[in-house]
Amino acid sequence: MQRVIGWLTAAVITTLIFGSVYASLQQLGRRSADAAPAAAAAAQVQLIGSEPPGAPRLELGPDSGVFIIVYGEDDKPTSGTVTLHGSLPVLPAGVLRAARTSGSDAVTWQPEPGLRMAVVARPAAGKVVVAGQSLTPFEDRDRMVLLFLSAGWLGSLVVLATGYAAIVFFAHRPLQSPRRPVP
Numbered sequence: 010m011q012r013v014i015g016w017l018t019a020a021v022i023t024t025l026i027f028g029s030v031y032a033s034l035q036q037l038g039r040r041s042a043d044a045a046p047a048a049a050a051a052a053q054v055q056l057i058g059s060e061p062p063g064a065p066r067l068e069l070g071p072d073s074g075v076f077i078i079v080y081g082e083d084d085k086p087t088s089g090t091v092t093l094h095g096s097l098p099v100l101p102a103g104v105l106r107a108a109r110t111s112g113s114d115a116v117t118w119q120p121e122p123g124l125r126m127a128v129v130a131r132p133a134a135g136k137v138v139v140a141g142q143s144l145t146p147f148e149d150r151d152r153m154v155l156l157f158l159s160a161g162w163l164g165s166l167v168v169l170a171t172g173y174a175a176i177v178f179f180a181h182r183p184l185q186s187p188r189r190p191v192p
């Protein structure tokens, strides 16, 4: 019974290690998705008062790069580099309110099913600058990490199970005495 407990403990520890590594890598990847939008928002905040960039508007999609949307005091979009179905997208008012209250807000925004964005909102002169980018590349990378870690975890459990089976097999096998040559 002690052997079983020892091997089960090893399996639980292995599972916890692989699970912790996955959770850490997943959070690191998600946090890195905020870096480019945060930099773009900071740059745009410094430009408030001048004309918004004359960049062409692109349609918001799973392969969207970094985009910027400026919201007025009435929480309506006034300018931006991206559209959703032909018009400037509208973020939930709570995100804009939180940015005005706390100085910034970073959230995952899903404007429609299958379209997830990492967005950072920062207030500037009564307006709110929102910058974001698609989470699709980060989520694709996350799936690959999960696949590799799952394979490593499963392989580790197979090695543990094989080791346990070998010990059980050899523990119950009777020892044979060496044969003596017959004269």
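With the numbering used here as the guide, the letters of the sequence shown map in order to residues 10 to 192. Each residue gets a CB set at the ideal place from its N, CA and C atoms; glycine is no exception.
Distance from the CA of A52 to the CA of G172, rounded to the nearest whole angstrom, comes to 58 Å. The residue from G164, G81 and L34 with its alpha-carbon nearest to that of V54 is G81. The straight-line gap separating the alpha-carbon atoms of S113 and R66 is approximately 24 Å. Non-local C-beta neighbours of V177 in its own chain, meaning closer than 8 Å and more than five positions away in sequence, comprise R12, ordered along the chain. Annotation for P71: no beta strand (DSSP E) segment contains it, and DSSP assigns it neither H nor E.
Only residues of its own chain outside the window of five on either side were considered, and among them Y80, L105, A108 and A130 have a CB closer than 6 Å to the CB of V137, listed in chain order. The criterion of a C-beta distance shorter than 8 Å is not satisfied by V116 and I78. According to the DSSP assignment, D83 belongs to no beta strand (DSSP E), since it is labelled neither H nor E.
Secondary structure of T24 (DSSP, three-state): helix.
Boundaries cannot be given for S113, as no beta strand (DSSP E) includes it and DSSP labels it neither H nor E. Counting of Cβ neighbours within 10 angstroms places D43 among the buried residues, the total reaching 16 or more. When DSSP states are grouped into helix, strand and coil, G89 belongs to the strand group. In the three-state reduction of the DSSP assignment, L100 falls in the coil class.
Shown here for F147: same chain residues with a beta carbon closer than 8 Å to its own, the five before and five after excluded, namely G38, R39, S41, A42 and A127 in chain order.
The criterion of a C-beta distance shorter than 8 Å is not satisfied by P46 and G164.
Counting along the chain, the unbroken alpha helix (DSSP H) around A160 starts and ends at T145 to A180.
In this structure, P98 sits away from P132, with a CB-CB distance that is not shorter than 8 Å. Per DSSP, the beta bridge partners of A130 are D114 and V139.
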